[in-house]
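Quick note on our numbering: the sequence shown kicks off at 90 and runs consecutively. C-beta atoms are modelled at their ideal positions from N, C-alpha and C, and glycine is treated no differently.
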Amino acid sequence: MDQYYRLEAIEALEQLNVDRETGLSSAEAAKRREQYGPNELPRDEGINWFQLISGQFTDLMVIILIIAAVISALLGETTDVVVILIIVALNAALGIYQEYQAEQALAALSAMQVPMVRVRRDNEVRQISA
């Protein structure tokens, strides 16, 4: 089972063959870290620019504006088409900028945060970085 967080603590300890009172030995913890890898969340690959840009055109109001631009183009209203498309482009640019800044801020916060956890190693409680 990979979802130990769904189990009661006792059940997780049993499935992982860990004694509640003594915990793991340092050697066993190192062996498991070598075998299973570090206990960390997968890293985000960064900003997916395609999703960031395409996500700006999924809002209902933007879709309505694009449809209005197409209808205006079919009716020969060039000025309306240009104005509507400029509004859509400015909206998309602002949205991309804001989402990019939010991603950068989140990455900076994640880099600053070092979560700590209490573990039992060699029969004593220690605090280590998670």
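C-alpha gap between residue i and residue j, whole angstroms
i: ILE185; j: ILE142; result: 6 Å
i: GLY112; j: ASN137; result: 42 Å
i: VAL206; j: ASN128; result: 11 Å
i: VAL170; j: PHE139; result: 25 Å
i: ALA118; j: GLU110; result: 15 Å
i: ILE175; j: GLN216; result: 55 Å
i: GLU134; j: ALA200; result: 14 Å
i: ASN212; j: ALA219; result: 19 Å
i: VAL107; j: GLU123; result: 17 Å
i: ARG132; j: GLU166; result: 49 Å
i: GLU192; j: VAL177; result: 22 Å
i: ALA98; j: ALA116; result: 22 Å
i: LEU149; j: SER161; result: 18 Å
i: ASP194; j: LEU164; result: Looking at the sequence provided, one finds Ala at residue 194 rather than Asp. Looking at the two C-alpha atoms, the distance is approximately 45 Å.
Exposure of residue i, with buried meaning 16 or more beta-carbon neighbours within 10 Å
i: VAL208; result: exposed
i: ILE224; result: Outside the shown range of the chain (90 to 219) lies residue 224, about which nothing can therefore be said.
i: ILE153; result: exposed
i: ILE173; result: buried
i: ALA158; result: buried
Cβ shell of residue i (< 6 Å), same chain only, five flanking positions each side left out
i: TYR93; result: ALA101
Own chain, CB closer than 7 Å to residue i, minus 5 neighbours either side, in chain order
i: GLU188; result: LEU141
i: GLY126; result: none
i: VAL214; result: ARG207
i: VAL203; result: SER218
Sequence-distant residues of the same chain with beta carbon closer than 8 Å to residue i, five excluded per side
i: GLN145; result: VAL151, ASN180, ALA181, GLY184 and ILE185
i: ARG198; result: A small fix is needed here, since residue 198 is Leu in this sequence, not Arg. Cβ neighbours of LEU198 beyond the five flanking positions: none.
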